[in-house]
Amino acid sequence: MTALQGLFRPATVAEAVSLLAGDPEARPIAGGATLVAMMNAQVLEPAALVSLAGIEEIRGITSASDGRLRIGAFTRHRETAASSLLAGTAAAVRDAASKIANATVRNMGTIGGSIAFADPGLDYPPALVAAAAEVEIASVEGRRTVAARDFFVDWYTTALAPGELVTAVLLPRTDSGAAGVYIKHARVSGDYAIASVAACRLPDGRLSIAVGGCGPTPLADDEANRLLEDDRSETAIEAAGAILVSLADPLDDVRGSADYRRLLIPRLLLRAVRAVDAASRRDCA
Amino acid sequence: MNPIETPVTLRINGEAVPLNATLDETLLTVLRDRLHLTATKRGCNQGVCGACTVRIDDRPMRACLSLALNCEGVDVRTLEGLERDPRLLALQRAFAEHGAFQCGFCTPGMLVSACSLLAQEPDPGEASVRNALAGNLCRCTGYVKIVAAVKDAAAVLRAEESRS
Chain A
19 MTALQGLFRP
29 ATVAEAVSLL
39 AGDPEARPIA
49 GGATLVAMMN
59 AQVLEPAALV
69 SLAGIEEIRG
79 ITSASDGRLR
89 IGAFTRHRET
99 AASSLLAGTA
109 AAVRDAASKI
119 ANATVRNMGT
129 IGGSIAFADP
139 GLDYPPALVA
149 AAAEVEIASV
159 EGRRTVAARD
169 FFVDWYTTAL
179 APGELVTAVL
189 LPRTDSGAAG
199 VYIKHARVSG
209 DYAIASVAAC
219 RLPDGRLSIA
229 VGGCGPTPLA
239 DDEANRLLED
249 DRSETAIEAA
259 GAILVSLADP
269 LDDVRGSADY
279 RRLLIPRLLL
289 RAVRAVDAAS
299 RRDCA
Chain B
56 MNPIETPVTL
66 RINGEAVPLN
76 ATLDETLLTV
86 LRDRLHLTAT
96 KRGCNQGVCG
106 ACTVRIDDRP
116 MRACLSLALN
126 CEGVDVRTLE
136 GLERDPRLLA
146 LQRAFAEHGA
156 FQCGFCTPGM
166 LVSACSLLAQ
176 EPDPGEASVR
186 NALAGNLCRC
196 TGYVKIVAAV
206 KDAAAVLRAE
216 ESRS
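From first to last, the protein sequence lines stand for chains A and B. Each residue of the first sequence is one higher than the one before, counting from 19 in the working numbering. Each residue of the second sequence is one higher than the one before, counting from 56 in the working numbering.
Printed below as a string of structure tokens:
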């Protein structure tokens, strides 16, 4: 292996992963919204960067040949927030994109860069977990996919191995009656979430819930989802909320105390459940 | 630090600008320190404040989060490069009339963001203006006068448009 130096601008994923395989210190750069801020703060001082800006195959939102929706890793938040393809449960991802930071940052940041950073306060992770997304990953060995639920491993840690690159997010396409919402609680519009809840409703009425900002990775629980399957009463929502609270491991930080975050979970869950049921009724009407 | 300078040609305000930049050098540093285009301000240098907002391929973006070497092939427009844009003139007048600044440090970024908004939306409502300026922080006056100035500039431009 030889250490790379400077900026590389590959035109294909194959070239990009071969560069990354050649030097474990080389970093991929997409929109730059996080990486360059870290470079400016001298938290990271990479000698080599692999720019993903010239790789056409990882841009944009399309219907994949297997019927799923495919969001290329280099798709900017602005485009994801405006995509009419992201309907049904995938609307939770669109909703999350629209609540990231501000319009200027949404013009820059990409979904691949965002999830690879895996900050627990980010908006995409809970939405991707609730929407049953898969993350497509490339390396010189080929491609693999990981369920979003398994992609987020720990604080700022993902399932990506050295030399691997996120190439896309894959979302199931759902029929009429399905809906997805993302409810974010932040100090001011555009800040990181203090806590957030993504809720997706399948066409048969079942819910898939994930909580953001309340631990190293999004909180999701099959039993909590099952409690809400046929019962959307406040009692059922409280019980499901209690399970999610028991899984929470929130930080005390400038945005809110750990206790405050635990108190938010059942309240945001109530809002999310009401909103997603209302959204599915609008869709049917 | 990466001391190696690489030659790159950027397109800034419609002109091809050949220069050398290091890997860690941002577009903001190139604009201010190499080209002396100082309307673009360095505030937080981490993408939060919006004082360094420029247009890249017609969309407002952060110069401080854009690496100079990675800007090859895109069209960069700074506030200086918008001086012939009638929207900018209307915004400048409206900002002055409304007293939409105090220290003025955030104003160039506000103007770049507002100019882009008016190019896309000639009649923006209050929510649209606030949404477009959400990434531009003002620590002096608050936003009421700024929002009023942008809406006023839009009204002036629409009136001019209907006369011509």
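Even glycine gets a Cβ: it sits at the ideal position worked out from N, Cα and C. These figures come from a predicted structure and were not determined experimentally.
Residues of the stretch 56-73 of chain A with a C-beta atom less than 7 angstroms from some C-beta of chain B are M57, N58, A59, E63, A65, L67, S69, A71, listed in chain order.
In the displayed model, B:D130 falls within a strand according to three-state DSSP. Counting only residues of its own chain and dropping the five nearest sequence neighbours on each side, A:G50 has a CB closer than 7 angstroms to the CB of M126. Taken in chain order, the unbroken stretches of alpha helix (DSSP H) that lie wholly in the stretch 100-185 of chain B and span 4 residues or more are 141-153, 162-175. Beta-bridge partners assigned by DSSP to A:V229: A:V215, A:L237. Nearest CB-CB separation between A:V54 and chain B: below the 8 angstroms threshold. In the three-state reduction of the DSSP assignment, A:Y200 falls in the strand class. Take the alpha-carbon of A:E152 and the one of B:R139: they are about 48 angstroms apart. Contacts with chain A at 8 angstroms (Cβ-Cβ) do not include B:A169. Shown here, A:V158 sits in coil according to DSSP, grouped into three states, outside any helix or strand. At least one beta carbon of chain A lies nearer than 8 angstroms to the beta carbon of B:N100.
By the rule that beta-carbons nearer than 8 angstroms mark a contact, B:M165 does not touch chain A. Relative to B:T84, the option among B:V72, B:R97, B:P73 whose CA is nearest is B:R97. Contact annotation for B:C119 against chain A: V54, A55, N58 [CB-CB distance below 9 angstroms, chain order]. Take A:I155, set aside five residues on each side of it, and the residues of its chain with a beta-carbon closer than 8 angstroms to its own are R161, R162, T163, V164, A177, L178, E182, L183, V184, T185, in chain order. For A:I47, a Cβ of chain B is located within less than 8 angstroms of the residue's own Cβ.
Contiguous alpha helix (DSSP H) elements confined to the stretch 109-197 of chain A occur at 109-116, 121-126, 129-135, 142-148, 166-169, taking only those with 4 or more residues.
Judged by DSSP in its simplified three-state form, B:G69 adopts coil rather than helix or strand.
Selection B:C158, B:A204, B:L172, B:L134 evaluated against B:E152 yields B:A204 as nearest (Cα-Cα).
When rounded, the separation of the alpha-carbon atoms in A:E43 and B:S217 is 58 angstroms.
Counting along the chain, A:I76 sits inside no beta strand (DSSP E), nor does DSSP assign it H or E at all. In the displayed model, A:S69 falls within a strand according to three-state DSSP. Annotated as proximal: A:I47 and A:S69, with beta-carbon spacing under 8 angstroms. Contact holds between the stretch 67-82 of chain A and the stretch 22-42 of chain A, because three or more Cβ pairs, one in each stretch, are under 8 angstroms apart.
Residues of the stretch 176-198 of chain B whose Cβ lies closer than 9 angstroms to any Cβ of chain A, in chain order: R185, N186, A187, L188, A189, G190, N191. For A:I261, the uninterrupted alpha helix (DSSP H) run begins and ends at 252-265, by DSSP. Excluding sequence positions up to five before and after A:I255, its CB lies within less than 8 angstroms of the CB of L246, P284, L287, L288, V291, all in the same chain and listed in chain order.
For B:E60 and A:V54, the gap between their C-alpha atoms comes out near 18 angstroms.
Residue-level contact by beta carbon holds for B:T108 and chain A, with a gap shorter than 8 angstroms. Following the DSSP letters along the chain, one finds B:R218 inside the alpha helix (DSSP H) bounded by residues 199-218. Non-local beta-carbon contacts of A:D295 in its own chain, meaning distances under 6 angstroms to residues more than five positions away in sequence, are absent. For A:L25, the closest Cβ of chain B is nearer than 8 angstroms. Distance from the Cα of A:I133 is smallest, within the candidate group A:P236, A:D248, A:P268, A:A121, for A:P236. In the DSSP assignment, the residues bridged to A:I89 are A:I79, A:V187.
Contacts with chain B at 8 angstroms (Cβ-Cβ) include A:V123. Within the stretch 194-224 of chain A, those residues whose Cβ lies closer than 8 angstroms to any Cβ of chain B are, in chain order, S207, G208.
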